[in-house]
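Using our numbering, the letters of the sequence shown map in sequence onto residues 61 to 391. Just so you know, even glycine gets a beta-carbon here, dropped at the ideal spot from N, CA and C.
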Amino acid sequence: MIDKSDRNKTIELSEAEKMLYSERLSRFDQCATQADVQNKTLNQDLFSVLEFLPTGFVDLLFIDPPYNLSKTFNEVSFKKTSFEEYVIWVDLWLSKLVRTLKPNASVYICSDWLSSPAIFEVARRYFIVRSRITWEREKGRGALTNWKNSSEDILFCTVSDEYTFNVEQVKLKKKVIAPYRTDDGIPKDWSETDDGNYRLTHPSNLWTDITVPFWSMPENTEHPTQKPEKLLAKIILASSNVGDMVFDPFFGSGTTLVTAKKLERNFCGVEIDPYYACICQKRLEMAELDGGIQGYSQGVFWERNTLAEQKSEAPKPKKRTLAREQQEQFL
61 MIDKSDRNKT
71 IELSEAEKML
81 YSERLSRFDQ
91 CATQADVQNK
101 TLNQDLFSVL
111 EFLPTGFVDL
121 LFIDPPYNLS
131 KTFNEVSFKK
141 TSFEEYVIWV
151 DLWLSKLVRT
161 LKPNASVYIC
171 SDWLSSPAIF
181 EVARRYFIVR
191 SRITWEREKG
201 RGALTNWKNS
211 SEDILFCTVS
221 DEYTFNVEQV
231 KLKKKVIAPY
241 RTDDGIPKDW
251 SETDDGNYRL
261 THPSNLWTDI
271 TVPFWSMPEN
281 TEHPTQKPEK
291 LLAKIILASS
301 NVGDMVFDPF
311 FGSGTTLVTA
321 KKLERNFCGV
331 EIDPYYACIC
341 QKRLEMAELD
351 GGIQGYSQGV
361 FWERNTLAEQ
371 KSEAPKPKKR
381 TLAREQQEQF
391 L
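What follows is the structure in structure tokens.
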């Protein structure tokens, strides 16, 4: 039996890595251009950099702020406040981020059930709120006197009625339970494969196919509220295009920035904690060697526990003939 520690892929930093990645972090104390911030990780308090960010440089704004809970993030702590105080705090930074957005930008803001009303109240002051995504966070402790909390919300907003939404890029591949056929016996809205019957379904605002990072996943870190790369991939593919700018003002361990890089977007983010900012730098470096996103392959998203099916449907590598090998020696 393999010991758990042998399979633990949680990303950590050695002392040497802390020093190395710290040198790659950026700070701004004067007005910056888009070229200055492009593909940069800023290690500073958000309020210290807001006034220096460029105007109109963001295509997609993803925000995962501290929820209205008492929580410690390594060296930084956030204390629960009243509803009214939390609304004021959210408005302090969200109002200043509006200036950074392009006229056709999209905005996604994460929350839990307790923080969601306050975030909605502030978001609707500045944006068109188009939907609320609820995703199943299957991890979590049970409760004896309440329902187990295993979901989170994400508000989907836009600056205007002109915005990007690539619906064909975010379809979910699901197994067909009741396969309907036409009168001619042709599969109706589904396809037959050697590994089963599948249908590509349109994305809804209820996401049950997300796996929260855990110790055996290569993307896992020690950050207590790390978002999965698959979740960010859905948002980035739907609401941006290759080469667009993705901005995250609370990037934590860097999932937004790493996923944006894997999907050929430009990125920028702000994180106050230096350790997590360095973790992000390490993950960005790792992404240069492995651009895969668990749960997303062959251009579609897959349900949970379908890794075997994904591998079986992946294109088989072409066999290299001896003649081809000999030819490559002279290329």
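Contact set for residue i: own chain, Cβ-Cβ below 6 Å, skip 5 residues either direction
| i | result |
| --- | --- |
| E324 | V302 |
| L55 | As shown, the chain starts at 61 and ends at 391. That puts residue 55 outside it, with no answer to give. |
| K199 | V272 |
| K78 | C338 |
| D213 | S171, S176, R192, T194 |
| Y335 | N134 |
| Y223 | N164, S166 |
Beta-carbon proximity of residue i to residue j, cut-off 9 Å
| i | j | result |
| --- | --- | --- |
| R192 | N280 | no |
| Q94 | F117 | yes |
| P263 | V306 | no |
| F107 | N128 | no |
| L121 | S171 | no |
| V360 | Q104 | no |
| S313 | E282 | yes |
Enclosing beta strand (DSSP E) for residue i [first to last residue]
| i | result |
| --- | --- |
| M277 | Careful: M277 lies outside any beta strand (DSSP E) and carries neither H nor E. |
| R190 | 188-196 |
| I214 | 211-218 |
| A76 | Where A76 is concerned, there is no enclosing beta strand (DSSP E), although the alpha helix (DSSP H) it sits in stretches over 75-82. |
Where the alpha helix (DSSP H) containing residue i begins and where it ends
| i | result |
| --- | --- |
| V97 | 94-97 |
| D333 | No alpha helix (DSSP H) holds D333; DSSP gives it neither H nor E. |
| W362 | That residue, W362, is in no alpha helix (DSSP H); its beta strand (DSSP E) goes 360-362. |
| F143 | 143-157 |
| A320 | 315-322 |
| K294 | 289-299 |
| V109 | 106-109 |
Own chain residues within Cβ distance below 7 Å of residue i, not counting five before or after
| i | result |
| --- | --- |
| E196 | S210, S211, W267, T268, I270 |
| G202 | K208 |
Residue nearest to residue i in terms of C-alpha spacing, selected from the options
| i | options | result |
| --- | --- | --- |
| S74 | T218, Y146, C338 | C338 |
| T366 | K342, E181, G355 | G355 |
| Y186 | D213, I169, S155, L204 | S155 |
| Q286 | E111, W153, N103, F133 | F133 |
| V189 | L215, N164, L204, G351 | L215 |
| V147 | K139, R67, E181 | E181 |
| N68 | E145, I169, P278, Y81 | P278 |
Own chain partners of residue i with C-beta closer than 8 Å, once the 5 adjacent residues on each side are dropped
| i | result |
| --- | --- |
| L349 | none |
| A76 | none |
| N326 | Q98, N99, G303, D304, M305, V306, A320 |
| K379 | Unreliable positioning characterises K379 in this predicted model, as indicated by a pLDDT of 43, which lies under 50. A coordinate reading is not provided. |
| K162 | G116, F117, V118, D119, V219 |
Supposed contact pair residue j and residue i - C-beta distance, whole angstroms, cut 8 Å
| i | j | result |
| --- | --- | --- |
| V97 | C328 | 5 Å |
| L297 | V230 | 5 Å |
| R84 | Q341 | 5 Å |
| T141 | W275 | Their Cβ separation, rounded to whole angstroms, is 33 Å, which puts T141 and W275 out of contact at 8 Å. |
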